[in-house]
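Everything in the sequence shown is counted per numbering that gives the first Met the number 0, starting at 0 for the first residue and increasing by one. All residues carry an ideal CB built from backbone N, CA and C; glycine is no exception.
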Amino acid sequence: MKLKIVIISILIFLFVQQEGKSQRRIKYKDVYKTVLAGNDYNSYTLLLAFQKQKPDFANAYFQLGLIAHKWAKEKDPLTELDNLKFFIYNTKLYFGLASKKLAEESRRNREYYSNAKIKHAKKKVSYQEVGLFIDSMLTDINQFEKNVLKIANSYNNSISSYNKCVSQFIKINKEFSTIKKIYLAPDIAIKKQLEELELNYDSAMLYFSRYKKQLKVYPIKNYNPNFTLYPIITHRLDGLTNSNFIDNQILIWDYKTWIKGVRKVRNSEIKLNNADIQATENQISDFIKKYKKIKCTDENKPFLLNRKTIY
């Protein structure tokens with residue numbers, strides 16, 4: 000977003016400077032020479048200035064569409080998504096206006112379409128060929144938008160879910176100072192937190208899998224991501240840092256295995272504790288039964304009263 004604002008600001012500044020230097024009208028042949036020279040930023044500025052001077056000139060929109068299309072394809076969907084969307088929008092806008100104005104274009108302007116690289120076309124292409132070319136460019140940018148937005152969505156959701164894992168794990172570490180306290184904590188204190196951690200981890204892995212598959216179908220840049228699972232061994236040291244998903248080799252904390260390990264210990268400890276509690280209760284119950292069967296006589300009453308007091 001910041002880059003988009005900077006670009007727009009620069010273009011406006013250059014346009015104001017251009018108008019301030021000279022009051023003469025811009026000739027399109029001079030604009031087109033700049034376009035053919037390949038300086039996209041200068042061309043974009045001059046084209047915007049000429050479009051303001053002559054808003055019905057189809058080729059100005061056509062050239063703006065070509066540059067916007069090129070810039071959209073150059074942007075990184077993972078790190079420059081806002082700018083990419085901005086130039087996708089401009090590509091559609093300018094080619095749409097070019098197509099609308101094309102029917103009103105004078106035939107003597109056909110030479111200004113020579114840089115369109117239209118297959119089998121001569122220097123002066125026909126308007127029908129230009130129209131078909133515009134349609135193909137709009138189809139291309141729509142397909143590009145569809146694919147890169149899917150990829151960016153999976154990528155961003157994967158990061159978001161994984162970051163939630165890290166935050167949840169940090170919360171657990173703050174609440175329980177030792178791993179033993181996690182093992183012995185009552186369900187109400189830890190069960191929900193483990194479930195939430197597992198859910199976010201599964202979501203992160205699901206979105207990451209989609210991201211990899213989508214890149215295989217529609218490769219972008221040099222992205223070919225893979226991850227390595229790193230075990231959580233030391234309590235309050237491991238599993239507390241985020242990962243850089245923009246790299247092709249990504250370190251992922253293995254929260255899933257850690258959760259399974261905690262549950263295994265907790266289940267065995269709880270079962271053992273329950274068995275001990277049950278055994279103690281059984282002993283108490285047996286003692287009470289035996290106590291009730293003892294005949295209360297004058298001879299043993301003091302003893303029973305004392306036992307009762309002690310009990």
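- In the DSSP assignment, residue 25 falls outside any beta strand (DSSP E), carrying neither H nor E.
- Residue environment: residue 37 is assigned as exposed (fewer than 16 neighbouring CB atoms within 10 Å of its CB, all protein chains considered).
- Classified as exposed, residue 236 has fewer than 16 neighbouring CB atoms from the shown chains inside 10 Å of its CB.
- With fewer than 16 neighbouring CB atoms inside 10 Å of its own CB, residue 176 falls in the exposed class.
- Under the Cβ criterion (8 angstroms, minimum of three pairs), the stretch 140 to 148 does not count as touching the stretch 185 to 199.
- A direct Cα-to-Cα measurement between residue 154 and residue 57 gives close to 39 angstroms.
- The C-beta of residue 89 has 16 or more other C-beta atoms within 10 Å across all chains shown, which makes the residue buried.
- By the neighbour-count criterion, in which 16 or more other beta carbons inside 10 Å mark a residue as buried, residue 34 falls on the buried side.
- CA-CA distance, residue 156 to residue 78, rounds to 14 angstroms.
- Per DSSP, residue 244 is not a residue of any alpha helix (DSSP H), being assigned neither H nor E.
- The criterion of a C-beta distance shorter than 8 angstroms is satisfied by residue 52 and residue 25.
- The three-state reading of DSSP puts residue 250 in strand, counting E and B together.
- If you look at residue 227, you'll find it in the beta strand (DSSP E) that goes 225 to 229.
- Taken in chain order, the unbroken stretches of alpha helix (DSSP H) that lie wholly in the stretch 160 to 236 and span 4 residues or more are 178 to 183, 186 to 216.
- Taken atom to atom, the span from the alpha-carbon of residue 239 to that of residue 174 is near 14 angstroms.
- A direct Cα-Cα distance of roughly 8 angstroms separates residue 117 from residue 129.
- Ranked by how close their Cα comes to the Cα of residue 136, the residues 94, 171, 264, 113 have 94 in first place.
- A check of alpha carbon separations from residue 48 across 23, 68, 231, 259 identifies 23 as the nearest.
- Here residue 44 is buried. Its C-beta has 16 or more other C-beta atoms within 10 Å.
- Here residue 55 is near residue 103, since their CB atoms are less than 8 angstroms apart.
- Residue environment for residue 220: exposed (fewer than 16 other C-beta atoms within 10 angstroms of its C-beta).
- Each of 166, 97, 260 was checked against the Cα of residue 127, and the nearest Cα belongs to 97.
- In the displayed model, residue 63 falls within a helix according to three-state DSSP.
- For residue 38, the secondary structure class from DSSP, reduced to helix, strand or coil, is coil.
- Of the residues 112, 67, 166, the one whose Cα lies closest to the Cα of residue 140 is 67.
- Within the same chain, Cβ atoms closer than 8 angstroms to the Cβ of residue 254 are found at 164, 168, 196, 197, 200, 231, 238, the five residues on either side in sequence being excluded.
- For residue 132, same chain residues with a beta-carbon under 6 angstroms away, outside a window of 5 residues either side, are 115, 117 in chain order.
- With at least 16 other beta carbons inside 10 angstroms of its own, residue 42 counts as buried.
- When the beta-carbon positions are compared, residue 188 and residue 161 stay at least 8 angstroms from each other.
- In the DSSP assignment, residue 238 falls outside any alpha helix (DSSP H) and carries neither an H nor an E.
- The DSSP assignment places 80 to 101 as complete runs of the alpha helix (DSSP H) inside the stretch 70 to 105, in order along the chain (cut-off: 4 residues).
- Taken through DSSP and simplified to helix, strand or coil, residue 117 comes out as coil.
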